[in-house]
Amino acid sequence: MKHLTHPLCKRWHALFPVVVLLAVTSVSGAGPGSGASGALGVFAEARAVPRGARVGALFSGDLEGGHFCTASVVRSGGRDLILTAAHCLSGGADTDVVFAPGYRGGRAPYGLWRITRTFVPGAWSDRADEDSDFAFAVVASKGGRDLEDAVGANAFAAGRETGASPVVVTGYPNVLDVPLTCVNRPTEQSRTQQRIECPDFTDGTSGSPWVDAEGEVVGVLGGFQQGGATDDVSYSAVLGGAADALYREAGGYFGSD
8 MKHLTHPLCK RWHALFPVVV LLAVTSVSGA GPGSGASGAL GVFAEARAVP
58 RGARVGALFS GDLEGGHFCT ASVVRSGGRD LILTAAHCLS GGADTDVVFA
108 PGYRGGRAPY GLWRITRTFV PGAWSDRADE DSDFAFAVVA SKGGRDLEDA
158 VGANAFAAGR ETGASPVVVT GYPNVLDVPL TCVNRPTEQS RTQQRIECPD
208 FTDGTSGSPW VDAEGEVVGV LGGFQQGGAT DDVSYSAVLG GAADALYREA
258 GGYFGSD
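Numbers 8 to 264, taken from the working numbering, label the letters of the sequence shown in order.
Here you go:
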């Protein structure tokens, strides 16, 4: 389970020394403006590029308590929708949760966006169905601007074939104040679950988007074992009809830019 207390919890492993992180050689990006390392199955610190701000960290109330999950902005009619794992939003009242897009180094350069409404699958609410471990949330506007006005949004794509292309996974380990990113090709865990081998995706990375070469979110870190019991293998529910329906219910938008 790759999330932190809200009030859910999972054990966390001591992360590698930061010097190892800094020694990783960054190569060309794998997705459109992803800022990701292009070496398959290798982690790197995500570069601070404009599209990278579409991914951010979830906090309880403010930045003081530390981030507990990751989320990303997806297109919607209201221009105000984020995607994360259901287990990140199912710990009770979520109105105190805020989203910090592009969070880095203890700062929220695009501000804090308060969640006002959540959309969690009934199968998750009823029985914590691992195949339904995805959720959407609406955030309030700030100063007359919507979230997409500030950072843009990725397309959301249900029904994509697992492993059709490599994906970029970007998330916030709880022991770091910068996001890590990894590129690899997902493989089938089961008919309803997909997996990816990316090292050191520890607690806090639940909810991380899996973005394909077309800039579409085709997975969200969660699902089996709430994202994985080890740091080096992560999971996502296969996003199919149920995810598509929930996205539409939340105000999802499938049109072009």
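All residues carry an ideal CB built from backbone N, CA and C; glycine is no exception.
Glycine 109 in three-state terms, based on DSSP: Three-state DSSP puts glycine 109 in coil, outside helix and strand.
Cysteine 76, DSSP secondary structure in three states: Cysteine 76 falls in the strand class under three-state DSSP.
Residue(s) in a DSSP beta bridge with valine 174: Beta-bridge partners assigned by DSSP to valine 174: Asn191.
Chain-order list of residues whose beta-carbon lies under 6 Å from that of glycine 170 (same chain, five-residue window excluded): Excluding sequence neighbours, glycine 170 sits near Arg192, Pro193 and Thr194.
DSSP three-state assignment for phenylalanine 143, whether helix, strand or coil: Strand.
Chain D within 8 Å of alanine 244, Cβ atoms only: Reference to chain D is not applicable here, since this structure consists of a single protein chain.
Spatial neighbours of glutamine 200 in its chain, beta-carbon cut-off 8 Å, leaving aside the 5 residues before and after: Contacts found: Glu137, Asp138, Gly230, Phe231, Tyr242, Ser243, Ala244 and Val245.
Beta-bridge partners of threonine 125, as assigned by DSSP: The bridge partners DSSP lists for threonine 125 are Ala144.
Range covered by the alpha helix (DSSP H) that runs through valine 158: Element bounds for valine 158: 154-158.
Secondary structure of alanine 164, DSSP reduced to three states: Here alanine 164 sits in coil by DSSP.
Cβ pair count under 8 Å reaching 3, the stretch 151-164 against the stretch 75-94: Pairwise C-beta distances place the stretch 151-164 in contact with the stretch 75-94, as three or more of them are shorter than 8 Å.
Any 3 or more C-beta pairs closer than 8 Å across the stretch 209-220 and the stretch 84-94: Because the criterion of three Cβ pairs below 8 Å is met, the stretch 209-220 and the stretch 84-94 touch.
Beta-carbon proximity list for leucine 70, same chain, < 6 Å, skipping 5 on both sides: Contacts found: none.
Delimiting residues of the beta strand (DSSP E) encompassing glutamate 204: Its beta strand (DSSP E) spans residues 200-204.
Cβ contact (3+ pairs, closer than 8 Å) linking the stretch 175-193 and the stretch 110-127: The stretch 175-193 is in contact with the stretch 110-127.
Which listed residue (Leu228, Thr177 and Pro173) has its alpha carbon closest to that of glycine 63: Taking only the C-alpha atoms, the option nearest glycine 63 is Thr177.
Nonlocal neighbours in the same chain, by C-beta distance under 7 Å from leucine 253, ignoring five residues either side: Excluding sequence neighbours, leucine 253 sits near Phe126, Pro128 and Phe143.
Close beta carbons around tyrosine 179, own chain, < 6 Å, minus the five adjacent residues each side: Result list for tyrosine 179: Ala64, His74, Thr77, Pro186 and Gly211, in chain order.
Alpha-carbon spacing of glycine 226 relative to aspartate 219, whole angstroms: Each residue's alpha carbon lies about 9 Å from the other.
Residue interval of the alpha helix (DSSP H) (run including glycine 226): Element bounds for glycine 226: not the alpha helix (DSSP H) but the beta strand (DSSP E), 223-227.
Length of the line joining the Cα atoms of alanine 100 and arginine 121: For alanine 100, the predicted model reports a pLDDT of 48, less than 50, meaning its position is unreliable and no value from the coordinates is stated.
Paired residues, beta bridge with alanine 244 - DSSP: BP columns for alanine 244 point to Gln200.
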